[in-house]
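Remarks on the structure that follows.
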Amino acid sequence: MKPRFFSVPSKQLANDAWQARGDGRQGPRLAIVGLGMMGQEHLRVALLLGRVRIQGVYDQHPASLEQAQRGYYALTQNPLAIYPSLDALCLDENVDAYLIATPNFTHSAIFERLMKTDKPIFLEKPMATSLTDAQRMVTMAEACPTFVQLGMQYRFKAQYVDAFHAIRVEQALGTVHTVAMSEYRPPFLNKVGEWNKFNDYSGGTLVEKCCHYFDLINLAVDAVPVKVYAQGGRAVNFLDFEHEGMRSDIDDHAFVTITYDNGTLAHFTLNMFAQELYEELVVTGDKGRLVASESSSFRPEVESSARIQVEVAAHPSYYGTLVTYPSAIEVSGHSGATFFEHLAFVAQLEGHRVDAATPAQGFKSLLVASAAQHSLATGLPVLMDEFCAQERVTWPT
Ligand SMILES: NC(=O)c1ccc[n+]([C@@H]2O[C@H](COP(=O)([O-])OP(=O)(O)OC[C@H]3O[C@@H](n4cnc5c(N)ncnc54)[C@H](O)[C@@H]3O)[C@@H](O)[C@H]2O)c1
Numbered sequence: 077m078k079p080r081f082f083s084v085p086s087k088q089l090a091n092d093a094w095q096a097r098g099d100g101r102q103g104p105r106l107a108i109v110g111l112g113m114m115g116q117e118h119l120r121v122a123l124l125l126g127r128v129r130i131q132g133v134y135d136q137h138p139a140s141l142e143q144a145q146r147g148y149y150a151l152t153q154n155p156l157a158i159y160p161s162l163d164a165l166c167l168d169e170n171v172d173a174y175l176i177a178t179p180n181f182t183h184s185a186i187f188e189r190l191m192k193t194d195k196p197i198f199l200e201k202p203m204a205t206s207l208t209d210a211q212r213m214v215t216m217a218e219a220c221p222t223f224v225q226l227g228m229q230y231r232f233k234a235q236y237v238d239a240f241h242a243i244r245v246e247q248a249l250g251t252v253h254t255v256a257m258s259e260y261r262p263p264f265l266n267k268v269g270e271w272n273k274f275n276d277y278s279g280g281t282l283v284e285k286c287c288h289y290f291d292l293i294n295l296a297v298d299a300v301p302v303k304v305y306a307q308g309g310r311a312v313n314f315l316d317f318e319h320e321g322m323r324s325d326i327d328d329h330a331f332v333t334i335t336y337d338n339g340t341l342a343h344f345t346l347n348m349f350a351q352e353l354y355e356e357l358v359v360t361g362d363k364g365r366l367v368a369s370e371s372s373s374f375r376p377e378v379e380s381s382a383r384i385q386v387e388v389a390a391h392p393s394y395y396g397t398l399v400t401y402p403s404a405i406e407v408s409g410h411s412g413a414t415f416f417e418h419l420a421f422v423a424q425l426e427g428h429r430v431d432a433a434t435p436a437q438g439f440k441s442l443l444v445a446s447a448a449q450h451s452l453a454t455g456l457p458v459l460m461d462e463f464c465a466q467e468r469v470t471w472p473t
C-alpha cells in the first residue's frame, strides 16, 4: 500500500488497513509521553495495529501509569517499560519515534525537548495554547530532518475520508462556496488535574475541542481566512465547578462564521450540553451538496454510525451511503480515526506521503480557533490580518 488516504474511499481504506496489521514484534520503537485518556487510547491502538513496538512510556501521574500498565499487560502479557523522567526517555537511543499526549499547556516545552533528538514526533492537538509558541514549533518542525505529525485525527473518520475523497479527489462539488459544520455533544470529560475546565490550560473550548473542526473546514475551503466572528459563552456546563480554588471559565456553546479570501463562507456550531454526540459537515459547491454525518455516544453499548450523501447528478452516494468502519476498528477509539492516524504515522515512518496534518496545517486550525476564541471574548469580529499582527504571527504559506 502507498497511502495518501483521501485517494481511496473509506471502505477500501479500512479493508487495506485491516490486512496490513502486524503483530507488534517488529517495526519502529515508539515512546509515549502522557498516559491519560488519549495516551492510553494511542497505546491500545498502536497494539491493535501492531506495526510499531512500544519501547517505553513516561507520565508524571502514578494512577495514569498504573492504568496504562494494566491495559498493556492485558493485551500483551508483558510489563510496560516506564522511564523515570522525560530526560531518561530522551536519552534512550533505542527509541525511533515519540508520541506526545499530555495536556495542551505542556505541549510546547515537551515538544521542544524531544525535537532536540531529531526523531519523528506525533503531537496531539492543539499544538500549543499560545500562538507564538505554536508558530515557533512550526518553524522548528520545518527545519528538522524528519517529520512531525499533528493529531488532527478527525480527518480519518470514515465520513470525512469519503467527504475529502469526493471534494478534493473527485472534485464532485465543483467550486466550493459554503461550508457548515456542527458538533453537538455532552460536556467535557474528567481529566487529570481538570486542565480542560480552564482556558489558560486548554487554550479555550474552541481551541481545545474545535481545532479539529476548523482543520476540516480549512481543508474543505482551501483558502486563507480573512474574518472570523464568534458568539457564544457559558450557558450550562461547569458553572459552579472549582478545582484547587480556581473557578472553571470554559465556554460550552458557540456559533462561528469565517470568511475566506476566495469568498467562501463557513459556519461552525458547537453545543456541549447535548445527551449524545452528533456531528455534521455540509459542503455546497456549484455542482451540488455533500452531507457527512456521524452519530455516536459515550455509552459503550451504543455503536456509532457514519453516513455520507453527495447530491450531485449520478453520484453513487446521491441518496446516502452508510460508511461506518467495521466494528473492530470503530470501537478502537474516536470512531476508528485513531487507528488510521496511527497507520498514517507508520506510513510516514516508512517514507510515504500521507494526508495527516502537518504542523503548518495544525497551526492554521489553531489560528482560526484562537481568532474565534478572541471574538467570543471581545464580542467583535476579528480581522485576521490585524489579529496576526497583534499576536506577532503569520498565516503559513
Ligand atoms: N485527537 C483527539 O481527538 C483527542 C482526544 C482527546 C484528547 N486529545 C488531546 O490529548 C492530550 C491529552 O488529553 P487527555 O484527554 O489524555 O488528558 P488526560 O488529563 O486524561 O491525560 C493527560 C496525561 O498527561 C500527563 N501529564 C501531564 N503533564 C505531563 C508532563 N509534563 N509530562 C508527562 N506527563 C504529563 C498527566 O499526568 C495525564 O496522565 C491533550 O492535548 C488533548 O487535547 C486529543
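Using the numbering used here, read the sequence shown as starting at 77 and increasing by one per residue.
We put the beta carbon where it would ideally sit given N, CA and C, even for glycine.
From a predicted model like this one, the values you see are computed outputs, not experimental measurements.
For F290, the secondary structure class from DSSP, reduced to helix, strand or coil, is helix. Within a 10 Å sphere around the beta-carbon of M322 sit fewer than 16 other beta-carbons, which makes this residue exposed. Taking Y354 as reference, the option from L190, S140, Y289, M114 with the minimal CA-CA separation is Y289. For V268, the CB contacts under 7 Å within the same chain, skipping 5 residues up- and downstream, are G112, H137, S140 in chain order. Boundaries of the beta strand (DSSP E) harbouring N347: 341-347, taken from the DSSP string. For K192, the shortest separation between its Cβ and any heavy atom of ligand 1 does not lie below 8 Å. DSSP places R146 outside any beta strand (DSSP E); the residue lies instead in the alpha helix (DSSP H), whose first and last residues are 138-152. Relative to ligand 1, the beta carbon of P179 is positioned inside 8 Å of a heavy atom. In the same chain as R189, and ignoring 5 residues on each side of it, the C-beta atoms closer than 7 Å to its own belong to L162, C166, in chain order. For V312, same chain residues with a beta-carbon under 7 Å away, outside a window of 5 residues either side, are D328, F349 in chain order. By the Cβ neighbour-count rule, A164 is exposed, with fewer than 16 other Cβ atoms within 10 Å of its own. E117 is the residue among N170, Y401, E117, Y159 whose C-alpha sits nearest the C-alpha of Y148. Every unbroken stretch of the alpha helix (DSSP H) spanning 4 or more residues and falling wholly within the stretch 159-238 is given here in chain order: 162-167, 183-191, 207-219. Distances from the CB of T251 to the heavy atoms of ligand 1 are all 8 Å or more. Within the DSSP bridge table, the entry for S381 names S371 as partners.
Annotated three-state conformation of Y401 is coil, per DSSP. Distance from the CA atom of A144 to the CA atom of D135, rounded to whole angstroms, is 10 Å.
In the assembly as shown, E200 is a buried residue. Its beta-carbon has 16 or more other beta-carbons within 10 Å. A direct Cα-Cα distance of roughly 16 Å separates E320 from I326. Linking T360 to H253 through their CA atoms gives a straight-line distance of about 6 Å.
Across the structure, Q131 and G396 are spaced so that their CA atoms are roughly 44 Å apart. Around the CB of T454, fewer than 16 other CB atoms lie within 10 Å, so the residue is classed as exposed. Q424 and D461 have their C-alpha atoms some 34 Å from each other. Looking at the backbone, the Cα of V214 and that of A390 are separated by about 42 Å.
Spanning the alpha carbons of V386 and A96 requires a straight line of approximately 30 Å.
When DSSP states are grouped into helix, strand and coil, A256 belongs to the strand group.
Here A436 has V214, P472 as same chain residues with Cβ atoms under 6 Å from its own Cβ, once five neighbours each way along the sequence are excluded. Boundaries around Q307 are those of the beta strand (DSSP E), 301-309, since no alpha helix (DSSP H) includes it.
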